[in-house]
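*Asks:* Take a look at this one; I'll ask things after.
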Amino acid sequence: FSAQELTAETFEQIKARDQKIESFLTLNEQQALAAAKKVDEKGITDADKLAGIPVGIKDNIVTKGLKTTAASKILGNFKPIYDATVMEKLHAAKMINVGKLNLDEFAMGGSTENSAYKITKNAWNQTKVPGGSSGGPAAAVASGQLLAALGTDTGGSIRQPAAFNGIVGVKPTYGRVSRYGVIAFGSSLDQVGPMTRSVKDNALMLSAIAGHDKHDFTTSEREVPDFTAKLDGDIKGMRIGVPKEFMDQGVADDVREAIKNAIKTYEKLGATVEEVSLPYSKYGVPVYYIIASSEASSNLQRYDGIRYGFRADDVKNLEDVYVRSRSEGFGDEVKRRIMLGTFSLSAGTYDAYFKKAAQVRTLICQDFSNVFENYDLILAPTTTSTAFGIGEEINDPVTMYMNDILTIPVNLAGLPGMSLPAGFSNGLPIGMQLIAPQFGEETMYRAGYAFEQ
Ligand code: GLN
């Protein structure tokens with residue numbers, strides 16, 4: 020195939036399939052075809068493993084000249100004047116950006132129902148949510164529109180929708196991938212990562228987007244390995260821990276069964292699998308919702324009705340610009356987080372909430388360090404259940420927040436985590452999660468690849 024043929028075919032697939040999935044917010048057809056033409060003209064060598072491959076981008080990653088909304092009304096017709104570092108890297112790898120994908124507004128949510136624009140459907144059953152907040156990328160990849168997409172993960176937003184749609188999603192180590200040009204939610208938690216149909220594709224893409232960036236001082240200066248180099252299926256002698264807390268706490272029977280089968284598969288492959296404990300992980304959800312919301316309340320101050328996108332009509336004075344633009348521009352969930360975060364950071368409550376949460380976060384990190392003294396990897400379910408119904412949980416924020424209990428501790432500790440398909444129940448995919456020590460992505464990919472074979 021030429022890049023042009025592949026790109027044209029991708030738009031055919033999108034037009035045929037996205038009517039019922041509704042994963043795209045903006046298509047980039049003209050520019051994508053022009054970019055593909057350039058790739059064909061320059062020629063593709065064996066080293067260009069990703070050249071000419073179409074990719075979709077979650078709409079909280081800024082794309083030069085292409086509308087970027089974070090699925091919020093407040094960004095309206097915002098057209099960024101620069102590319103996020105991950106976009107520059109995808110362009111350097113000659114991948115073709117075909118368009119922007121739906122999410123929960125500002126990546127706050129777990130079902131993509133918080134988008135101001137549309138409700139994306141699960142690729143396997145259109146009465147079910149695709150998960151979130153990267154529901155658009157996950158459903159587009161799983162429904163055969165794309166081979167790959169970029170998502171972001173602050174508390175599970177790559178891994179949970181990957182699980183709900185039966186694809187491979189990776190949240191890299193905090194600091195592995197640049198956050199420059201990624202619309203900030205919780206800056207100490209956010210990471211960009213690849214969402215693909217296979218482990219190998221995922222490893223290829225992470226190799227392309229990772230690395231130090233002078234625009235993001237939290238990126239690591241470590242060398243980026245070729246994450247595909249050790250995908251040989253051999254994991255003999257690998258030590259895997261399964262946290263007992265991640266196998267009860269309201270995990271549905273079908274999910275637990277699938278993970279037990281995965282454990283058997285790993286044992287057959289020559290790994291040792293043992294029960295371990297992460298005792299503080301049960302506090303992950305409250306700790307995360309305080310820290311992430313506090314950081315969000317600060318990050319979202321910049322949407323003032325002046326600098327970006329949307330401004331309320333008929334405003335009387337400056338204060339009116341701020342108040343009315345924010346009141347009309349933000350959705351309910353975003354307002355809930357801003358209030359929660361502002362409260363946690365206030366003079367009278369800071370010690371009891373934000374400071375306490377930061378302390379418990381350290382305990383959660385220590386739990387992982389203890390386990391990784393004796394184990395190479397952690398294996399767990401990604402989610403407590405398969406995809407729930409559209410409309411089922413959206414009016415119950417606490418239930419929605421509790422869904423993240425198995426993914427959040429990984430973000431709090433800055434670790435890499437992968438979700439990959441581990442079975443089906445009633446026609447819906449089940450996801451399994453592999454968690455590695457910081458910068459241990461190679462081990463995670465090796466184990467994921469061996470399981471997939
Ligand atoms: N569901 C979580 C939240 O609502 C995680 C979101 C994310 O990872 N971006 O905050």
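In short: position in the sequence shown from 1, add 19, done, that's full-length UniProt numbering. The beta-carbon is built from N, C-alpha and C at its ideal position, and this holds for glycine as well.
1. DSSP three-state call for Gln457: helix, strand or coil?
2. Identify which residue in Gln210, Asp245 and Phe43 has its Cα closest to the Cα of Lys86.
3. Rounded to whole angstroms, what's the CA-CA distance from Gly328 to Gly95? Just pull it up for me.
4. Relative to the ligand GLN, is the shortest distance from any of its heavy atoms to the C-beta of Ala376 smaller than 7 angstroms?
5. When burial is assigned at 16 or more other CB atoms within 10 Å of the CB, is Gln164 buried or exposed?
6. Evaluate Ile310 with the Cβ neighbour count: other Cβ atoms within 10 Å of its Cβ, from every protein chain shown; 16 or more gives buried, anything less gives exposed.
7. Give the range of the beta strand (DSSP E) segment to which Met214 is assigned.
8. Between which two residues does the beta strand (DSSP E) carrying Thr171 extend?
9. Does the segment 393-412 come close enough to the segment 111-127 to have 3 or more Cβ pairs within less than 8 angstroms?
10. Quick check on the burial criterion: 16 or more other C-beta atoms within 10 angstroms. Buried or exposed for Thr171?
11. Compute every distance between the C-beta of Met421 and the non-hydrogen atoms of the ligand GLN, then say whether any falls below 7 angstroms.
12. Cβ of Thr401 within 7 angstroms of any heavy atom in the ligand GLN?
13. The ligand GLN heavy atoms versus the CB of Asp172: any closer than 7 angstroms?
14. Do you know whose CA, among Lys61, Ala181 and Ile282, lies nearest Gly71's CA?
15. On the DSSP bridge list, what partners appear for Ser21?
16. Helix, strand or coil for Glu294 per DSSP?
17. Spatial neighbours of Gln23 within its chain, please: CB distance less than 7 angstroms, with the 5 preceding and 5 following residues excluded, ordered by chain position.
18. Measure the alpha-carbon distance for Arg195 versus Arg356 and round it to whole angstroms.
19. Quick check: the Cα distance between Val148 and Ile325, rounded to an integer number of angstroms?
20. What first and last residue would you give for the beta strand (DSSP E) that runs through Pro262?
21. Tell me the start and end of each unbroken beta strand (DSSP E) in the segment 127-180 that is at least 3 residues and wholly inside, in chain order.
22. Report the rounded CA-to-CA distance for Gly154 versus Val243, giving the unit in angstroms.
23. Rounded to whole angstroms, what's the CA-CA distance from Gly467 to Gly367? Just pull it up for me.
24. Under 7 angstroms: does the beta carbon of Ala311 sit that close to some heavy atom of the ligand GLN?
25. In terms of alpha-carbon separation, which member of Gly360, Thr82 and Ile63 lies closest to Leu98?
26. Report whether the distance from the Cβ of Met214 to the nearest heavy atom of the ligand GLN is below 7 angstroms.
27. Return the Cβ separation of Ala168 and Ile76 in integer angstroms, given the expectation that the two are a contact with Cβ distance under 8 angstroms.
28. With a threshold of 7 angstroms, establish whether the CB of Met127 neighbours any heavy atom of the ligand GLN.
*Replies:* With the structure as the only source:
1. Counting from 1 along the sequence shown, the entry for residue 457 is found at position 438. Note: Gln457 maps to coil in three-state DSSP.
2. By 1-based counting over the sequence shown, the position of residue 86 is 67. The residue with the shortest Cα to Cα distance from Lys86 is Phe43.
3. What you label residue 328 is simply residue 309 of the sequence shown in a count that begins at 1. What you label residue 95 is simply residue 76 of the sequence shown in a count that begins at 1. Each residue's alpha carbon lies about 5 angstroms from the other.
4. Walking along the sequence shown from the start, residue 376 turns up at place 357. No, the Cβ of Ala376 stays beyond 7 angstroms of every heavy atom of the ligand GLN.
5. Counting from 1 along the sequence shown, the entry for residue 164 is found at position 145. Buried, since its Cβ has 16 or more Cβ neighbours within 10 Å.
6. Within the sequence shown, numbered from 1, the residue matching residue 310 stands at position 291. It counts as buried.
7. For this step, residue 214 is matched to residue 195 along the sequence shown. If you look at Met214, you'll find it in the beta strand (DSSP E) that goes Gln210 to Thr215.
8. Within the sequence shown, numbered from 1, the residue matching residue 171 stands at position 152. For Thr171, the enclosing beta strand (DSSP E) stretches over residues Ala167 to Asp172.
9. Taking a cut-off of 8 angstroms for Cβ pairs, the segment 393-412 and the segment 111-127 do not touch, as fewer than three such pairs fall below it.
10. For the purposes of this step, residue 171 is taken as residue 152 along the sequence shown, with counting starting at 1. Here Thr171 is buried, its C-beta having at least 16 other C-beta atoms within 10 Å.
11. Reading the sequence shown from its first residue, position 402 is the one you call residue 421. No.
12. Working through the sequence shown from its first residue, we reach residue 401 at position 382. No, Cβ of Thr401 sits at least 7 angstroms from all heavy atoms of the ligand GLN.
13. Locating residue 172 in the sequence shown gives position 153, counting from the first residue. Correct: Asp172 has its Cβ closer than 7 angstroms to the ligand GLN.
14. Translated into the one-based positions of the sequence shown, residue 71 becomes position 52. That would be Lys61, whose Cα lies nearest to the Cα of Gly71.
15. Indexing the sequence shown from 1 puts residue 21 at position 2. DSSP lists no partner for Ser21.
16. The residue you call residue 294 lines up with position 275 of the sequence shown. Strand.
17. By 1-based counting over the sequence shown, the position of residue 23 is 4. Hits under 7 angstroms: Leu52, Ala55, Lys56 and Asp59.
18. For this step, residue 195 is matched to residue 176 along the sequence shown. For this step, residue 356 is matched to residue 337 along the sequence shown. Straight-line measurement puts the Cα of Arg356 at about 27 angstroms from the Cα of Arg195.
19. Translated into the one-based positions of the sequence shown, residue 148 becomes position 129. Translated into the one-based positions of the sequence shown, residue 325 becomes position 306. Val148 and Ile325: Cα-Cα distance of roughly 34 angstroms.
20. Here residue 262 corresponds to residue number 243 of the sequence shown, with the count starting at 1. Run containing Pro262: Arg258 to Pro262, per the beta strand (DSSP E) assignment.
21. For the segment 127-180, whole beta strand (DSSP E) runs of length 3 or above, ordered along the chain, are 167-172.
22. In the sequence shown, counting from the first residue as 1, residue 154 sits at position 135. In the sequence shown, counting from the first residue as 1, residue 243 sits at position 224. Gly154 and Val243 have their C-alpha atoms roughly 28 angstroms apart.
23. As a working mapping, residue 467 is identified with position 448 in the sequence shown. As a working mapping, residue 367 is identified with position 348 in the sequence shown. Rounded to the nearest whole angstrom, the CA to CA distance from Gly467 to Gly367 is 47 angstroms.
24. Here residue 311 refers to the residue found at position 292 of the sequence shown. Indeed, a heavy atom of the ligand GLN lies less than 7 angstroms from the Cβ.
25. Within the sequence shown, numbered from 1, the residue matching residue 98 stands at position 79. Note that residue 98 corresponds to Lys in the displayed sequence, not to Leu. When only C-alpha atoms are compared, the closest one is Thr82.
26. Numbered from its first residue, the sequence shown carries residue 214 at position 195. Not so, every heavy atom of the ligand GLN lies at least 7 angstroms from the Cβ.
27. Position 149 of the sequence shown, counting from 1, holds the residue named residue 168. Position 57 of the sequence shown, counting from 1, holds the residue named residue 76. About 7 angstroms separates the beta carbon of Ala168 from that of Ile76, a gap short enough to meet the 8 angstroms contact definition.
28. Walking along the sequence shown from the start, residue 127 turns up at place 108. Yes; taking the cut-off as 7 angstroms, the Cβ of Met127 has a heavy atom of the ligand GLN nearer than that.
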